[in-house]
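Everything on this sheet refers to the single structure shown next.
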Amino acid sequence: MSKHEGKKKAKHEGTAPETAAPGEKMRRKDYERELGELQIELSALQAWIKLTGQRVVIVFEGRDAAGKGGTIRAITERLSPRVFQVVALPAPSDREKTQLYMQRYLNHFPAAGEVVIFDRSWYNRAGVEIVMGFSTEDERDHFLVATPWFENNLVEQGITLIKYWLEVGEVEQERRFRARIEDPVRQWKLSPMDLESRKRWYEYSRARDLMLSATDTDAAPWSIVRSDDKKRARLNVIRHLLSQFPYDPLPKTKVKLPDRDMEDAYDDQATMVDRRWIPEHW
Numbered sequence: 001m002s003k004h005e006g007k008k009k010a011k012h013e014g015t016a017p018e019t020a021a022p023g024e025k026m027r028r029k030d031y032e033r034e035l036g037e038l039q040i041e042l043s044a045l046q047a048w049i050k051l052t053g054q055r056v057v058i059v060f061e062g063r064d065a066a067g068k069g070g071t072i073r074a075i076t077e078r079l080s081p082r083v084f085q086v087v088a089l090p091a092p093s094d095r096e097k098t099q100l101y102m103q104r105y106l107n108h109f110p111a112a113g114e115v116v117i118f119d120r121s122w123y124n125r126a127g128v129e130i131v132m133g134f135s136t137e138d139e140r141d142h143f144l145v146a147t148p149w150f151e152n153n154l155v156e157q158g159i160t161l162i163k164y165w166l167e168v169g170e171v172e173q174e175r176r177f178r179a180r181i182e183d184p185v186r187q188w189k190l191s192p193m194d195l196e197s198r199k200r201w202y203e204y205s206r207a208r209d210l211m212l213s214a215t216d217t218d219a220a221p222w223s224i225v226r227s228d229d230k231k232r233a234r235l236n237v238i239r240h241l242l243s244q245f246p247y248d249p250l251p252k253t254k255v256k257l258p259d260r261d262m263e264d265a266y267d268d269q270a271t272m273v274d275r276r277w278i279p280e281h282w
């Protein structure tokens, strides 16, 4: 391990700074400070992935209201969507239901220099599909046998596969669901499927246990994230993600802003006066 890698490993895997007492929610100002520093590192990681042609797949799974979407936004909000691509597939169409199960996911896999983040993935078969009766036990069992082989092949072909399971407690999940019910700008996040998942808490627990036991392999391990505190969970995931790559910050190229070419200059604002401007209320 190089000196730089040693420092980076210590930075991303060491003890998190004391920003609040254990059990307390993290303060926003502390969260934003830590997140800003980590997002700078994510930008460096992005440049390294592009330069070295890495192909990365990141899977986010977990209970409903576990914080998957917010964690993904924290990772990607300062990055290029051409490099860090988020895939959140809807329910399969009638045509897709006749395809091989993995087929519609493979269509979104990365080329060189790309990261694909799945906000829920092929693991639907071992979770929501079996719990809600959208797949049979035989289909689920076949999936659990085939998936380690499938993922091992991905890794052998040079794809970096990282899998996160976000685990939220029963009390916190209820609080988040109730907050969605009461907040008109968040009600869209509460679907009939979410309400049903609340009812079937223990069925989801058993499906989770079976899935993790069958697919937590050395080639493609599951990393479990405690997500009752969303802020801590996001920071912990980013720190862990950064620690998975031996990236080095690339030297920054000094950019000089060119002067405008005045050869064809004209009053380009006069031509805009009578255009259809929107009303300015602020």
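No gaps in the numbering here: position 207 of the sequence shown is 207 in the UniProt record's numbering, and each next residue is one more. From the three backbone atoms N, C-alpha and C, an ideal C-beta is built for every residue, glycine too. Everything numeric in this text was worked out from a predicted model, so none of it was measured.
According to DSSP, residues forming a beta bridge with I162: I58
In the DSSP assignment, find the beta strand (DSSP E) that holds S243 and state where it starts and stops. Premise fails: S243 lies in the alpha helix (DSSP H), K230 to S243, not in any beta strand (DSSP E).
In this structure, does DSSP put H117 in helix, strand or coil? Here residue 117 turns out to be Ile, not His, going by the sequence shown. Note: I117 maps to strand in three-state DSSP.
For N107, count the other beta carbons within 10 Å of its own beta carbon; 16 or more makes it buried, fewer makes it exposed. Which is it? exposed
Check whether the region 67-79 touches the region 197-211, taking contact to mean three or more Cβ pairs, one atom from each stretch, closer than 8 Å. no
Where are the beta strand (DSSP E) runs, 3 residues long or more, that stay fully inside the region 132-184, in chain order? 159-167
For the alpha helix (DSSP H) that Q85 lies in, which residues bound it at each end? Element bounds for Q85: not the alpha helix (DSSP H) but the beta strand (DSSP E), F84 to V87.
Considering only residues of the same chain and omitting the five flanking positions on each side of F245, which have a CB-CB separation below 8 Å? L45, W48, I49, Q54 and T160
Given residue 299, which residues of its chain have a CB within under 7 Å of its CB, disregarding the five upstream and five downstream residues? Here the chain covers residues 1 to 282 and nothing more, so residue 299 does not appear.
Using beta-carbon positions only, say whether V171 and S121 come within less than 8 Å of one another. no
What does DSSP give as the partner residue(s) for V225 in the beta ladder? L166
Ignore the nearest five residues each way along the sequence and tell me which others in G169's own chain have a CB closer than 8 Å to its CB. D228
Classify A233: buried if its beta carbon has 16 or more other beta carbons within 10 angstroms, exposed otherwise. buried
With distance defined between alpha-carbon atoms, name the residue in D259, R276 and D216 nearest to W149. D216
Would you mind sorting A220 into buried or exposed? The rule is 16 or more other CB atoms within 10 Å of its CB. buried
Going by DSSP in three states, M211 sits in which element: helix, strand or coil? helix
Endpoints, alpha helix (DSSP H) assigned at D193: Before going further, note that residue 193 is Met rather than Asp in the sequence given. Per DSSP, M193 belongs to the alpha helix (DSSP H) from P192 to K199.
Specify the secondary structure class of V128 as computed by DSSP and reduced to three states. helix
Can you give me the start and stop residues for the alpha helix (DSSP H) that I75 sits inside? K68 to T76
Starting from S43, trace the alpha helix (DSSP H) in both directions and tell me its first and last residue. R28 to T52
Please say whether L190 and R200 have beta carbons closer to each other than 8 Å? no
Among K254, P279 and W222, which has the Cα closest to the Cα of L241? W222
What do you get for S197, buried or exposed, if any count of 16 or more other CB atoms within 10 angstroms of its CB means buried? buried
Which of the three DSSP states, helix, strand or coil, is assigned to T271? helix
Assign E280 to one of three DSSP states: helix, strand, or coil. coil
DSSP state of T217 mapped onto helix, strand, coil: coil
If we ignore side chains and look at the alpha-carbon of each, how far apart do D64 and D194 end up? 6 Å
Proximity winner among Q157, F134, Y105 and N153, relative to L89 (alpha-carbon distances): Y105
How is the alpha helix (DSSP H) around R104 delimited, first residue to last? Q103 to L106
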